[in-house]
Each structure stands twice: as C-alpha cells, then as structure tokens.
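Here is the structure we will look at, set down as structure tokens.
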Amino acid sequence: MVTEMATSRILGPDGQPMQMPDMATPQTAQLTSLQRELQTHPTRGLTPSRLAQILDAAETGDMTAQSDLFEDMEEKDGHIASEMNKRRRACILEWEVTPPQKSPSAAEQKAAEQLDELLQEIDGFEDMLFDVTDAIGKGFACLEIEWHRVGGFWLPKTLTHRPQSWFTLHRGYQQELRLRTYTMDADGAVGEPLRPFGWLTHVHKAKSGYLERSALFRQLVWTYLFKNYSVGDLAEFLEIYGIPLRIGKYPSSATEKDKATLLRALASIGHNAAGIVPDGMLLEFKDAATGDPDAFVAMIDWCEKNQSKVILGGTLTSGADGKSSTNALGLVHNEVRKDLRDADIRQINATLTRELVYAVAALNGLAPDGPRRCPQFQLNAQESEDLTAYADALPKLVSIGVQPTVKWAHEKLGIPMPQEGEAVLGVAAQPQPGAAALAALTAMPPVAAPAAPKAGPGARG
C-alpha cells in the first residue's frame, strides 16, 4: 500500500493532492456479478427495429446491448474484423518515454530515462497496446491495472482488458465512465466510479459528440445488418434455385404411408442423387428455376466498400476491382490510411502519458510537479527519409549557410543518437605517407633546358 508520505506528494490532473486507495487489490476483485455475466449476442435475429432500440438505449446511458452488438460485429463479420485488424495493428510500433518538449531540465531528462526503463519491464506491453486500440472501433477501452512492488518501485503487474459491457455512462457536467453496479452516489449517479490509478481508460473519438455516439462501429451497424440480409438471401437463392424441381405423382389409391414414402424418395434424390419409389408412382424433374444472384452480390460488395471507407478511409488498400484500382490511386488511398494511423497514435500517446506514464511516475516520486511536466509516451510513427537524397542535399545546404542540428538530422533519417560509450561508424582515416615519401612527392621534377637554335645560312663563324 502507498505510504502516507508518498500519498501527500501525488497530484491529480487538477494539480491537487489525491487520496489513493489500496493499490494491491483490483477494483473488480469483489464484483463477482459482472464476472459471471454472459454476452447477450444481440445479432441473433437482429431486425431494423431491434437495432434502432439498441442504439436508442445507448443514448440514454444503457450501453450494454450496444457493446455486445459491437463485439458480435467484429466476431461474425470477417470484413470488419480484417479492416479493423489492419488499423489496430498499424499502431503497434516502437515506443519511448521522452522528457517534456519545452526546455527539459536535467532532472526531467533523468526521470524520462528511468520511466522508459521501468515501462520496458512490464510483461506483455505490446498486448496492452493492442487492447488499448480496441477503443478505435468501440469508442472506449478500459484496462484494469493490478500493481505490485519490483525492487522498491510500483509497477503494473497486469493490465487486463475488461468488456465494454461492464461499464455505464454518467452524463453530468462531464461524461464519466463508471462500473455498472447498482450503487448510487449522493448526486444520484448510478455506478461505481473508477479508482484513480486503477484503470487505463482510452476514449477514442471517431466523431465529435457524446461518447455513446462517437464509436466508429455506430457508423457500421446498418451496413452490417443489410449485408447479413443479403448474405442470407443469397444462400437461400443458391439452395432453392440451384436444385432442380422434383415432382412426385402417386395413384389415387395410394395410402398415407405410400405418400410419405414418395416424399422421402424425392428428398433423397435431391441431395443424394439416389432413391427408391414404389411401383406405380411417377417422378418428374423440371429444370432449375432461373434467377440472377448478382443483385445480392452487388449489395454485399457495396456494404463492404462502405465499411472499408469508414474504417480505413478508402477501398483500394483492401481489395482491387480490376477497373478503377490503379497503382497511383492506391497510393493516394494508402496516404489517407496513414493519416488515420497518425491521428490514432496521437490519441493513444496522450492517453498512455496520462493514464500509465504519469501513474508510474507519481507512485514512484518521479513527477514532483504533477502531470504538467510529466515525461511523455511516444509511439514512433515517423518513417525514415531517403538517405541518398539527404546525403546529396545536406552538404549543399550547409555550404550556403543553413544550420541543421545533428538531432534533427538523426530524427529525419531514423538513425538513433549514439549513447555515451557506444560504438559508432565513421570514415576510415587515410594512411599518412612517411617523410621520405612525402619529400619525393613534393619535390619539383627537373625541367629540361631548351635546345640551342641551329645557325642559319647567314650566320657568322
């Protein structure tokens, strides 16, 4: 448990001292009712009217059904799962903890280095990053932190992703996520507030507005429903129109048993291509009814293109249609996808700085000035520049008076700055010639004297 001395030094986001709860026990350890809940799977038998009810309930604060709906969508729709996986995996990058951007002191630089080292010791850090990106599609993601002491430092032992259906939304002066319990505070707000430093909560804004309406999946629910209808209709079409129509005729004297035998024979012939019928009965086969499945395929294709646009900002990074899918246009769509990735990373950096880096710093006395001058978490999304172009341009720029810093050049080229005592590459020194060889190289060669002109015929003797 955090000591009283340490507690008095911990400041919250508002700069005021915080009262810390028991750090060794996760908040949900005693909430067995949430742990025993099973998902409702609202996509089973989903209809437009039922979908509208789920969305309306979320706007009134009951987000349980909407959260379960989002979970089903990502699980059952392969296209949504594939596109979301691309967007989420794009955020799993190399990272570091850096000092505050403006005029960091020596103490702040040292604190950043120490925090970077401490965070490197957290098991499953990349898995935690992936869980945080779950908020991109579902609006928010809450990871519960279990703390423990390692070598005298407080560090997260586990960061466990909790289902979005465990939470409710209290809309007051500011929206607040709470655990969905049946407790009520003095202001009439339902639910249990999340403990400080007990949660890593990432709220991702896909659009402006209230949290329950800002989730990216809200923009996909209708195309998900329409696509499901089209897939079901196409399956029914293939089952009905792909098998020839079979007609059985029985004599007027046939008994109910004879009629049942004939019906079984018709079904058996349709699926097994073999069957028997009593003597005196007749089987006729009609050509399969004609139909065009292209309408269903076109609807499915439209839904998937719409989903790709919403998730990745374009369609040509997902599939080629053989018509408009040129290489140049594909590069344009990929640039849009990079813009979305950079926006996702900026939001994740802000959350991890506030919820994780500052928590570790505050509990270990590495952020005496509160979150204002706290070291920052940075995912490195910068792509290295063309080394050949810079090798040609930098000497020319320096020769005309441009003064780029060494740090700037290293960042642009994606080459890390060398640490103290670290071996670096350099230009090999040219061997110096000896004194005798140097004298021979610098000596002037003898100059031959011009030959005397020959005497002409009129010359005197």
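Each residue of the sequence shown is one higher than the one before, counting from 1275 in the numbering used here.
The C-beta atom is built at its ideal place from N, Cα and C for all residues, glycine as well.
Am I right that Gln1581 and Ile1354 are in contact with their C-beta atoms under 8 Å? What's the rounded C-beta distance? Here Gln1581 really is in contact with Ile1354; their C-beta atoms are around 6 Å apart, less than 8 Å.
Please classify Gln1309 as buried or exposed, where buried requires at least 16 other C-beta atoms within 10 Å of its C-beta. Under this definition Gln1309 is an exposed residue.
What is the DSSP secondary structure of Leu1653, counted as helix, strand or coil? Leu1653: strand per DSSP, three-state reduction.
If we count the other Cβ atoms within 10 Å of its Cβ and call it buried at 16 or more, is Thr1662 buried or exposed? Residue burial is scored here from C-beta neighbours: Thr1662 has fewer than 16 other C-beta atoms within 10 angstroms and is therefore classed as exposed.
Residue range of the beta strand (DSSP E) that includes Met1741: Residue 1741 lies beyond the range of the chain shown here (1275 to 1735); nothing can be said about it.
Per-residue DSSP class, three states only, for Val1676: In the structure shown, Val1676 adopts coil according to DSSP, grouped into three states.
Kindly list the residues whose CB is nearer than 6 Å to the CB of Thr1625, restricted to its own chain and excluding five residues on each side of it in sequence; keep chain order. If the five residues before and after Thr1625 are omitted, its C-beta is found closer than 6 Å to the C-beta atoms of His1476, all from its own chain and listed in chain order.
Mind listing, in chain order, the continuous alpha helix (DSSP H) runs of no fewer than 4 residues lying wholly within the stretch 1371-1452? Listed in chain order, the complete alpha helix (DSSP H) runs (minimum 4 residues) inside the stretch 1371-1452 are 1380-1394, 1399-1406, 1409-1412.
Assign Lys1533 to buried or exposed, taking buried as 16 or more other Cβ atoms, counted over all protein chains shown, within 10 Å of its Cβ. By the 10 Å Cβ count, Lys1533 comes out exposed.
On the three-state DSSP scale, how would you describe Val1571? In this structure, Val1571 counts as helix in the three-state DSSP scheme.
Nearest residue (CA-CA) to Val1371, options Glu1685, Leu1687, Ala1635, Trp1682: That would be Ala1635, whose Cα lies nearest to the Cα of Val1371.
Just to confirm, is the Cβ distance from Leu1671 to Phe1651 under 9 Å? Taking 9 Å as the cut-off, the Cβ atoms of Leu1671 and Phe1651 do not count as close.
Taking C-alpha atoms, which residue in Pro1373, Leu1443, Gly1506 lies nearest to Gln1340? The option with the nearest alpha carbon to Gln1340 is Leu1443.
Starting from Gly1465, follow the beta strand (DSSP E) in both directions and report where the run begins and ends. Its beta strand (DSSP E) spans residues 1464-1467.
Ordered along the chain, which non-local residues of its own chain (more than five positions away) have a Cβ less than 6 Å from that of Val1680? Cβ within range, chain order: n/a, list empty.
Could you give the residue range of the beta strand (DSSP E) that holds Leu1474? Leu1474: member of the beta strand (DSSP E) spanning 1473-1477, first to last residue.
Pull up the distance between the alpha-carbon of Leu1687 and that of Leu1668, whole angstroms please. Rounded to whole angstroms, the gap between the alpha carbons of Leu1687 and Leu1668 is 12 Å.
Which ranges does the beta strand (DSSP E) cover as unbroken runs of at least 3 residues, wholly within the stretch 1517-1541, from first to last along the chain? Assignment of beta strand (DSSP E) within the stretch 1517-1541, counting only whole runs of 3 or more residues, yields 1519-1523 in chain order.
Which of helix, strand or coil DSSP assigns to Pro1322: Correct three-state label for Pro1322: helix.
If I measure Cβ to Cβ from Arg1487 and keep anything under 7 Å in the same chain, skipping five residues before and after, which residues do I get? Cβ neighbours of Arg1487 beyond the five flanking positions: Glu1333.
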